[in-house]
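Colleague: Taking our numbering, I'd label the letters of the sequence shown as residues 1284 to 1479.
Glycine residues also receive a C-beta, built at the ideal position from the N, C-alpha and C atoms.
Here it is, the structure, as structure tokens.
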Amino acid sequence: MKDKSKIPSFETERLILRAVELSDADAYKKHFVDYEVIRYLSSLVPWPYPEHGVHDFIKNVIIPNQGQGRWVWGIFLKDEPQELIGCIDLWKEGKPEHRGFWLAKKHWSKGIMTEAMPPILSYAFDSLGFEELIFANAVGNVASRRIKEKTGCEFIKITKAKYVDPKFTEQELWKLTREQWAKNYNTPTDDYKSIL
Ligand SMILES: CC(C)(COP(=O)(O)OP(=O)(O)OC[C@H]1O[C@@H](n2cnc3c(N)ncnc32)[C@H](O)[C@@H]1OP(=O)(O)O)[C@@H](O)C(=O)NCCC(=O)NCCS
């Protein structure tokens, strides 16, 4: 396994998950800087998105923190392994949530995020030592809510929250414990380790 960036790569049936690198900036920008994607994210994400925002975010936030309190995987199709089409981001300090994710709109509803999630969650519990993970989504973000439901998360409550799209004013909070995850999934992280 190539370990340029202190986090492991994983493979699933259709996908490669590997650390985001500066060379991914163009594809990241192409797919992420889209109001249909960004509107579902926290209002801390700027909109309109700054011209050099993706490059600066990868260089100044992702790369220096990679594997040290923050773990950011790019999602790549095995058929198109050079092109980043989405991301999954975990962070140690809950805000209260510990995870963010997004996928290029052209790839929505093909089960890609559902497929990408198990290796990341197994790694979080098996290797990073999380006892529980808190997740959040805007009330009304049905696809994101389904990802939580399908991975066995427990609904906690709804609270006020601000999103890029001001139409969203509340968030659903969810919890996934190590025990809940183990009950639903028992594939060890090593089974997803990429040989890249
Ligand atoms: C949320 C997101 C990552 C989902 O990725 P995806 O690969 O399209 O999701 P999947 O195809 O794995 O689908 C997950 C579930 O959501 C459902 N779903 C997907 N898109 C949906 C939509 N637009 N409306 C309703 N349900 C939807 C799927 O049917 C599936 O449920 P099922 O298995 O019961 O059928 C993607 O929609 C996205 O990037 N959205 C914008 C950014 C975002 O919301 N990030 C999360 C912030 S909390």
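Among the residues of its own chain, which have a CB less than 8 Å from the CB of Gly1369, if the five just before and after it don't count?
Modeller: Closer than 8 Å at Cβ, skipping near neighbours: His1314, Gly1357, Ile1358, Phe1384, Trp1385, Leu1386, Ala1387, His1390, Ile1395, Met1396 and Ala1399.
Colleague: For ligand 1, is there a heavy atom less than 6 Å away from the beta-carbon of Ala1310?
Modeller: No, ligand 1 has no heavy atom inside 6 Å of this Cβ.
Colleague: When you compare the CB positions of Glu1380 and Phe1418, do they come within less than 7 Å of one another, or not?
Modeller: Yes, the Cβ-Cβ distance between Glu1380 and Phe1418 is below 7 Å.
Colleague: Let me check understanding here. Comparing Cα to Cα, which of Lys1466, Asp1448 and Thr1460 lies closest to Ser1325?
Modeller: When only C-alpha atoms are compared, the closest one is Asp1448.
Colleague: Hey, is Phe1384 close to ligand 1, as in C-beta under 6 Å from one of its heavy atoms?
Modeller: Yes.
Colleague: Looking at the structure shown, is Ala1419 part of a helix, part of a strand, or coil, going by DSSP?
Modeller: Ala1419 falls in the strand class under three-state DSSP.
Colleague: Within 10 angstroms of the Cβ of Arg1301, are there 16 or more other Cβ atoms? Answer buried if so, exposed if not.
Modeller: It counts as buried.
Colleague: If you drop the 5 nearest sequence neighbours on each side, which residues of the same chain put their C-beta closer than 6 Å to that of Asn1467?
Modeller: Once the five neighbours on either side are set aside, the close Cβ partners of Asn1467 are Gly1435.
Colleague: Distance, Cα to Cα, Ile1341 vs Leu1305?
Modeller: Going by the C-alpha atoms only, they are around 6 Å apart.
Colleague: Which runs of the beta strand (DSSP E), 3 residues or longer, sit entirely within the stretch 1286 to 1340?
Modeller: The stretch 1286 to 1340 contains these whole beta strand (DSSP E) runs: 1298 to 1302.
Colleague: Taking C-beta to C-beta, are Glu1432 and Ile1441 nearer than 7 Å?
Modeller: It is not a contact, given that the beta carbons lie outside the stated cut-off.
Colleague: Given a threshold of 16 other Cβ atoms within 10 Å of its Cβ, counted over all protein chains shown, does Lys1375 qualify as buried or as exposed?
Modeller: So Lys1375 ends up on the exposed side.
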